[in-house]
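Trainee: Numbering (the working numbering), first residue to last: 244 to 496. We treat Cβ as the ideally placed atom computed from N, Cα and C, and that holds for glycine.
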Ligand code: G3P
Ligand code: MG
């Protein structure tokens, strides 16, 4: 896979707009990001939607598990009002809608699959079917990632060509073996506990290393110095100051 840009908007641009909404994806683009990350899980009736948590409580006016709601009901929820009045009525986006927005904005994407334990294969296969059917041809292929090994195995089975990345909180001793076993070409890890020696080993192996969630310029510069290829940030403005001057007036925090 081609080298990704250093700045990847996290859940869109989660410091600027309600995470995992189309507004958040648009904010990331307006702030100068060229790639975004977002989370995908399934509605009860099997439609991939952008959503981080297992349940609706934190980021919508609904409650209970996402997996207990049909798409029709998810689409009635307000996924923006919790963030600020300017975003009231912002819906939970389908993956399909998000792909349309990515295409219009020319944004690449890392799709993080967050399957319920009982529906891992269904979540992966359905998500990849939607991608393979409707991914905007002008964009680079999406990068699929997951914390769950069985999701990555299902993704590899569903599409031998897919670009996959293993997500971990901490870089495990056996990272090389795990990447190999899961057919992953990149490692995505938590930034906070990453040690310089671990980064050096991954980078020396020629494996792209990307870190979440990095919202401070100083941390980003340190990681860049360690050879980290990209950081996932809630705040592209903090890490892309020149873009801010150009685009900042069209987006307010
Ligand atoms: O994909 C990077 C990052 O999003 C992983 O953690 O919990 O923010 O989805 P989380
Ligand atoms: Mg994520």
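Tell me which residues share the same chain as residue 378 and place their Cβ nearer than 8 Å to its Cβ, disregarding the 5 neighbours each side in the sequence.
Mentor: These residues qualify, in order along the chain: 342, 384, 385.
Trainee: Grab me the residues of residue 497's own chain with a C-beta within less than 6 Å of its C-beta, minus the 5 sequence neighbours each way, in chain order.
Mentor: Since the first residue shown for the chain is 244 and the last is 496, residue 497 is missing from the structure and cannot be characterised.
Trainee: Alpha carbon to alpha carbon, how far is residue 358 from residue 297?
Mentor: About 9 Å.
Trainee: Any idea what DSSP makes of residue 352, helix, strand or coil?
Mentor: Strand, per DSSP.
Trainee: So residue 284 is in the beta strand (DSSP E); what residue range does that whole segment cover?
Mentor: It spans 278-285 - the beta strand (DSSP E) in which residue 284 sits, taken as one unbroken run.
Trainee: By alpha-carbon positions, which one of 352, 467, 459 ends up nearest to residue 478?
Mentor: It is 459.
Trainee: How long is the line joining the alpha carbons of residue 250 and residue 451, rounded to whole angstroms?
Mentor: Going from the Cα of residue 250 to the Cα of residue 451 covers about 14 Å.
Trainee: Rounded to a whole number of angstroms, what is the C-alpha to C-alpha distance between residue 370 and residue 263?
Mentor: Going by the C-alpha atoms only, they are around 16 Å apart.
Trainee: Going by alpha carbons, who is nearest to residue 454 out of 467, 465, 475, 464?
Mentor: Residue 454 has its Cα closest to that of 475, out of 467, 465, 475, 464.
Trainee: Hey, residue 360 and residue 293: beta-carbon distance below 8 Å or not?
Mentor: Going by C-beta atoms, residue 360 is not nearer than 8 Å to residue 293.
Trainee: Going by the C-beta, is residue 381 closer than 7 Å to any heavy atom of the ligand MG?
Mentor: No - the ligand MG has no heavy atom lying nearer than 7 Å to the Cβ of residue 381.
Trainee: For the ligand MG, I want to know if residue 282 counts as a neighbour, meaning its beta carbon is within less than 7 Å of at least one of the ligand's heavy atoms.
Mentor: Correct: residue 282 has its Cβ closer than 7 Å to the ligand MG.
Trainee: For the region 346-353 and the region 312-327, state whether three or more C-beta atom pairs, one from each stretch, are separated by less than 8 Å.
Mentor: The answer is no - the region 312-327 does not touch the region 346-353, with fewer than three Cβ pairs under 8 Å.
Trainee: Is residue 473 a contact residue of the ligand G3P, with contact defined as CB to any heavy atom under 7 Å?
Mentor: No, the beta carbon of residue 473 sits no closer than 7 Å to any heavy atom of the ligand G3P.
Trainee: Looking at residue 254 and the ligand MG, is the gap between the Cβ and the nearest heavy atom below 7 Å?
Mentor: Answer for residue 254: yes, Cβ within range of the ligand MG.
Trainee: Less than 8 Å between the beta carbons of residue 381 and residue 283, yes or no?
Mentor: No; because the gap between Cβ atoms is not below 8 Å, this pair is not in contact.
Trainee: Along the chain, where does the alpha helix (DSSP H) containing residue 291 start, and where does it finish?
Mentor: Where residue 291 is concerned, there is no enclosing alpha helix (DSSP H), although the beta strand (DSSP E) it sits in stretches over 291-293.
Trainee: Residues in its own chain within less than 6 Å of residue 429 by CB, not counting five upstream and five downstream?
Mentor: The answer, listed in chain order, is 408, 451.
Trainee: Assign residue 489 to buried or exposed, taking buried as 16 or more other Cβ atoms, counted over all protein chains shown, within 10 Å of its Cβ.
Mentor: With a pLDDT of only 42 at residue 489, under the threshold of 50, the placement of this residue in the model should not be trusted; the figure read from the coordinates follows. Its Cβ having fewer than 16 others within 10 Å, residue 489 is exposed.
Trainee: Helix, strand or coil for residue 336? Go by DSSP, reduced to three states.
Mentor: If DSSP states are grouped into helix, strand and coil, residue 336 belongs with coil.
Trainee: At a cut-off of 7 Å, is residue 395 close to the ligand G3P when judged by its beta-carbon and the heavy atoms of the ligand?
Mentor: No, the Cβ of residue 395 stays beyond 7 Å of every heavy atom of the ligand G3P.
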